[in-house]
Amino acid sequence: MGLSDLSKSAGTEAAPTLQRSETIEQAPMISTTLAPVGTEEPPGAKLLSIPIGAFYDKIPEELLTSKKTNPGRLIYISSEDVVSDEETKEATILLSILSLSCPEIFAHPVENADDIAITFPIGPPKPEPIEDALPADALKENAGAEAGSTKSDAAAANDRIRVKLAPILANLPPEFELFPAPILKDPEMEIDLPLDLVKSQLKNGRIAIAGTAFCAALPEDLRHIFGAIEPTAEIPIPLREIFRRLSSDTIKLREDYEIGYSLEPIRTPFTVHAEEDALRYGPSPRPSAKAPGVSGSKSAPEADATRRGVASAGQRAEKAEIDAPPITEADFPATFDSPTLEALFMTDEALDLPKTMQKVSKLPGLRACLLTTTTGTKLWGESVDPMGEPALSSAFPRLFQQVTSTLGETRSLQGITLYFDRDSLSIILFNELCLVVMHDSRPFRPGVREKILAIMQELDKISRTKWRSGP
Amino acid sequence: MPLLNYSNREIQFKIVYYGPALAGKTANLIYIHSRIGQAYRGDLVSLATSADRTLFFDLLPLHAEILQGFKTKFQLFTVPGQVIYNSTRQLVLRNADGVVFVADSQWDKMEENVQSFRNLEENLLTQGVPLDEFPYVLEFNKRDLQDIAPASYLEYLLNNRKRRVQSFESMAKTGENVFAALDAVTQLLLRKFDSEHRKLRPSSRQ
Chain L
-16 MGLSDLSKSA GTEAAPTLQR SETIEQAPMI STTLAPVGTE EPPGAKLLSI
34 PIGAFYDKIP EELLTSKKTN PGRLIYISSE DVVSDEETKE ATILLSILSL
84 SCPEIFAHPV ENADDIAITF PIGPPKPEPI EDALPADALK ENAGAEAGST
134 KSDAAAANDR IRVKLAPILA NLPPEFELFP APILKDPEME IDLPLDLVKS
184 QLKNGRIAIA GTAFCAALPE DLRHIFGAIE PTAEIPIPLR EIFRRLSSDT
234 IKLREDYEIG YSLEPIRTPF TVHAEEDALR YGPSPRPSAK APGVSGSKSA
284 PEADATRRGV ASAGQRAEKA EIDAPPITEA DFPATFDSPT LEALFMTDEA
334 LDLPKTMQKV SKLPGLRACL LTTTTGTKLW GESVDPMGEP ALSSAFPRLF
384 QQVTSTLGET RSLQGITLYF DRDSLSIILF NELCLVVMHD SRPFRPGVRE
434 KILAIMQELD KISRTKWRSG P
Chain A
999 MPLLNYSNRE IQFKIVYYGP ALAGKTANLI YIHSRIGQAY RGDLVSLATS
1049 ADRTLFFDLL PLHAEILQGF KTKFQLFTVP GQVIYNSTRQ LVLRNADGVV
1099 FVADSQWDKM EENVQSFRNL EENLLTQGVP LDEFPYVLEF NKRDLQDIAP
1149 ASYLEYLLNN RKRRVQSFES MAKTGENVFA ALDAVTQLLL RKFDSEHRKL
1199 RPSSRQ
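So the protein lines, in turn, are chains L and A. Position 384 of the first sequence, counting from 1, maps to 367 under our numbering, and the rest follow consecutively. Counting from 1 along the second sequence, just add 998 to a position and that's the residue number in our numbering.
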């Protein structure tokens, strides 16, 4: 959008100041640095960074939100949307563009009828606003830093944080064209920065200090290189450097929080998938916070249980041989009452063994399946080659157990995939059950193996219900 | 508020994947799409630029029956993360029932995470919905990369509020914790729906 066809100009807008000045944290900057910054825009497109304070007072009061605004916060606007006048040192932008760039200061989106051009000064920065771009805490700190002679060295050391200079220089934005390029005699050279200034900005996800404060922290021999940097310029400090030296107490979470969710999990159509993924990736969906009850999936214990069931399948198989009679087809009830299986197949249909196996064979990437016991007794299913089926039924469980015992330590072996001429098949063992699946073109698609393991676990549970509960 | 159609016996929940540009919102949907059986999902509609950046939104419809007698549809949307597309984000966010906020774990994306999260709060507020009353979970994505911030810092940036929500360290490309986050936000939605519509009970089997 260009500005050439504007019918209204904001140059004549009455700028309400008295009431609005109470709603912002600091006085808005009266000058603006228009400098290209690196953004996600395609190469060639230029963005201009403008502090909100530069135009805040020009926006009609009724469009502004009553919330506090940080006038030092930079917004980024395409240079094509800005008309700047070098003579008057003013820039003009459409209000609708501003509302898109910093919607948080607007009470509501700007309608076409409200759209006007906003003109504001972009002259060279005055000496005073140097500190305006910094948070209030930072101002205090900077003042303290300048009056450093009144503090003892020990106290000052506690108030400061040492960071390596090399990463800061390496991360300087492209607009800082330094001449001559600084060469560090010692790549490990560190500088002291005011700790409060860093702390006060941690919540923003970005740390930057004013050019003057940065120059003051530099060793004498480097200061002249940065002398050309505008005092208002923001020097970004890489967060990772800050965190190398920052105490973990600094980012303590508030203690007066309420848990925003129930601790009793309910099952959703996605719970099964979450459990399958947990099985696939680790003991539980990895919660990010360490504090108990703070975060993490509530289905974690279930997922954990599922994983344990699979991991100790070999051990359980040994025990099952002693405790339980061999499994037969008769051990499966005519109709399963298994919400788990229904959830796994996302169906409300009452399932039985044939239906379950048919659904298994229709899982993505599979074309046939065969369920047997570990002794080779066929329970249900069909292989693609009926002639070779008896051989498969007896050979594969033994092969699987042989591999498991040969590998010894690999107790978590869940399946073996064998490749033939153009075919491949996988054998999955769970306690006394053995499932052989034929693949259509390639090994398991994402999540299918985990789903089969969950199905096997459930089938194993169903088959044992009869002898567990007695005749 | 989910769309409830008594004549069709259909409930529709809208879940929006929100977050800064390139955080992995579309990757979340792609993974979910790859895992849900064809019978239970629609096509993944994606309006992206040639550089694979989401231009308008992605949409993935999912179907299930979780409330007795009601066909339940979940519509998963993503928003374009780029700052300039706020109008589109506002549009996609309209009538959303829940949000999965996908944050980028890389150090140099922290500011964008914060801005995007603030933008979410502002956009919800323009609809008259305070964030603290809205169902959402956090997903700290790209945990497989090297140059990432500790999860505790992401918690500090995004979850240091009076109401603390669930958060997940994820890898959307491989799918780790993608469903865990979706499951968590769905639980929030179902609970909220249940409390608002006491007449409709979740399936007795649950």
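Ideal Cβ positions, reconstructed from N, Cα and C, are used throughout, including at glycine.
Glycine 1126 (chain A) has a beta carbon lying at 9 Å or more from every beta carbon in chain L.
Chain-ordered listing is empty here: chain L has no CB closer than 8 Å to the CB of alanine 1025 (chain A), the nearest sitting near 13 Å.
By the Cβ criterion, the region 209 to 226 of chain L is not in contact with the region 1125 to 1136 of chain A, since fewer than three pairs of Cβ atoms, one from each stretch, lie closer than 8 Å. In this structure, DSSP gives histidine 207 (chain L) a helical state, which the three-state scheme calls helix. When C-beta distances to chain L are compared with 8 Å, the residues of the region 1146 to 1160 of chain A below that value are Ala1147, Pro1148, Ala1149, Ser1150, Tyr1151, Leu1152, Glu1153, Tyr1154, Leu1155, Asn1157, Asn1158, Arg1159, Lys1160, in chain order. Less than 9 Å separates the beta-carbon of leucine 201 (chain L) from that of isoleucine 174 (chain L).
A direct Cα-to-Cα measurement between alanine 193 (chain L) and proline 92 (chain L) gives close to 33 Å.
Exposed is the label assigned to glycine 1067 (chain A), since fewer than 16 other Cβ atoms lie within 10 Å of its Cβ. Closest in alpha carbon position to isoleucine 144 (chain L), among L:Ala96, L:Phe197, L:Met329, is L:Phe197.
One alpha carbon belongs to aspartate 64 (chain L), the other to serine 82 (chain L), and they sit about 13 Å apart. In the structure shown, glycine 36 (chain L) falls within a helical segment according to DSSP collapsed to helix, strand and coil. Between valine 419 (chain L) and phenylalanine 379 (chain L) the beta-carbon gap is near 6 Å, inside 8 Å, which marks them as a contact. Straight across, the Cα-Cα distance linking leucine 47 (chain L) with phenylalanine 1177 (chain A) is about 40 Å. In this structure, the CA atom of asparagine 414 (chain L) is about 7 Å from the CA atom of aspartate 443 (chain L). Of all residues in the region 427 to 442 of chain L, the ones placed with a Cβ closer than 7 Å to any Cβ belonging to chain A are Pro429, Gly430, in chain order.
Unbroken beta strand (DSSP E) runs of no fewer than 3 residues, entirely contained in the region 1083 to 1134 of chain A, are found at 1096 to 1102, following chain order. Using a Cβ distance threshold of 9 Å, glutamate 1174 (chain A) and tyrosine 264 (chain L) count as a contacting pair. Relative to the Cα of glutamate 158 (chain L), the nearest Cα in the group L:Gln341, L:Ser32, L:Gly430 belongs to L:Ser32. Under the criterion of beta carbons closer than 8 Å, threonine 1086 (chain A) and lysine 1023 (chain A) do not qualify as touching, at roughly 13 Å. The region 222 to 265 of chain L is shown to contain whole alpha helix (DSSP H) runs of 4 or more residues at 222 to 228, 254 to 264, in chain order. For methionine 340 (chain L), the secondary structure class from DSSP, reduced to helix, strand or coil, is helix. When A:Ser1044, A:Val1090, A:Phe1099 are compared, the shortest CA-CA separation from serine 1168 (chain A) is found for A:Phe1099.
The three-state secondary structure of asparagine 1026 (chain A), taken from DSSP, is helix.
Distances from the CA of phenylalanine 315 (chain L) to each of L:Phe328, L:Leu334, L:Thr323 were compared; the closest alpha carbon is that of L:Leu334. For proline 150 (chain L), the enclosing alpha helix (DSSP H) has its first and last residue at 148 to 153. Residues of the region 186 to 207 of chain L with a Cβ closer than 9 Å to any Cβ of chain A, in chain order: Lys186, Asn187, Gly188, Arg189. Secondary structure at phenylalanine 1138 (chain A): strand, using DSSP grouped into helix, strand and coil. Counting along the chain, aspartate 68 (chain L) sits inside no alpha helix (DSSP H); it lies in the beta strand (DSSP E) bounded by residues 65 to 68.
In the DSSP secondary-structure assignment, histidine 422 (chain L) is bridged to L:Leu349. If you look at phenylalanine 1166 (chain A), you'll find it isn't in any alpha helix (DSSP H); it sits in the beta strand (DSSP E) that goes 1165 to 1167.
Contact between the region 177 to 195 of chain L and the region 255 to 263 of chain L is absent: fewer than three C-beta pairs spanning the two stretches fall below 8 Å. Contact annotation: glycine 1040 (chain A) and aspartate 1102 (chain A) have beta-carbon atoms that are not nearer than 9 Å. For glycine 194 (chain L), the uninterrupted alpha helix (DSSP H) segment begins and ends at 194 to 200. For phenylalanine 315 (chain L), the secondary structure class from DSSP, reduced to helix, strand or coil, is coil. Residues of the region 1065 to 1096 of chain A with a Cβ closer than 8 Å to any Cβ of chain L, in chain order: Thr1070, Phe1072, Gln1080, Val1081, Ile1082, Asn1084, Ser1085, Gln1088.
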